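Protein chains in written order, with this note's numbering: chain Y, 1 to 112; chain B, 113 to 227. All residues carry an ideal CB built from backbone N, CA and C; glycine is no exception. None of these values were measured; they are calculated from a predicted model.
The following block contains the structure:
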C-alpha cells in the first residue's frame, strides 16, 4: 500500500542554519504531496502542498519540490528561526482511495 | 465557529469504560477523518467519511472502535471497554470535497487518558 517515510528526529539546528527534512513516498498512482506542521500546543496545519510532478510548494520560507523520479518531497528552508521549532509531517493523498497517509513526523528544535 | 471543533479537549477514564469523542467539522465540508496520535508515533488513520458513501473503516484498530456521522455533519468516535493502549490524542479533520488537492483542516484534538 501507499506509504510515507521521513527522517527521524529530533533535528536540532542553530538559528539561521539551512534545513532539510527528507521525505520519500511509495504510491501506485500519482498522489498529491503535503507538509503539515504542528507547533507546540497547537493543532496540525497545512504548511505547503504540490499536486503534480515538478510542482514546488512554498510557504513561510519553506519549500518542497515534487520529484517523481526520486519519489521525494524534501522540505527545505534557507535560514531557520526559533519560531520554526515544531513537528513536521510529510503526507500524501492518492486520488484512488481519497485517504491521506502521514509520515511519523520529524521534531525540529531550533536553538537561539 | 470557523474551524473544526472537538470535545472534550481532555478525557480521563478508567480501563473498561466506554468513551465518546465528538467532532464538529467545518460547515459545508463533505469529508471527515479521524486519526490517532500516540506518544512518539505519527498520525494513525482510523476512519474516513465522504458524503453519503459508506465510511472507510480500514484503519480502526479493533472492533471496540466505531464511529458514526449524523446528517453528514457531526461525527462521534466511540471506544468501548477502553484499554490503556488507547491513550492518545484523537484528531478529527475535515475537507471540502476533493481530498486529492484540498487542504485538511484539523481540530485541536481530544487527549484521552485511560487509567
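Range covered by the beta strand (DSSP E) that runs through residue 122(B)
122–125
When Cβ atoms are compared, which residues of the region 98–112 of chain Y fall closer than 9 Å to chain B?
98, 99, 100, 101, 102, 103, 104, 105
What does residue 154(B) reach in chain Y if we use C-beta pairs closer than 8 Å?
89, 102, 103, 104, 105
Closest Cβ-Cβ distance between residue 120(B) and chain Y: below 8 Å?
no
Is the region 23–38 of chain Y touching the region 57–74 of chain Y, taking contact as three or more C-beta pairs under 8 Å?
yes
Does any CB atom of chain B fall closer than 8 Å to the CB of residue 43(Y)?
yes
Roughly how many whole angstroms lie between the Cα atoms of residue 38(Y) and residue 124(B)?
23 Å
Beta carbon of residue 111(Y), beta carbon of residue 14(Y): below 8 Å?
yes
Straight-line Cα distance separating residue 128(B) from residue 49(Y)
41 Å
Along the region 130–159 of chain B, what residues have a CB closer than 9 Å to any CB found in chain Y?
143, 145, 147, 149, 152, 153, 154, 155, 156, 157
Taking residue 163(B) and residue 184(B) to be in contact with their CB atoms under 8 Å, please state how far apart those CB atoms are, rounded to whole angstroms.
7 Å
Looking at the C-beta of residue 215(B), does it have a partner C-beta in chain Y at a distance below 8 Å?
yes
Which chain Y residues sit within Cβ distance under 7 Å of residue 219(B)?
43
Between which two residues does the beta strand (DSSP E) harbouring residue 21(Y) extend?
19–21
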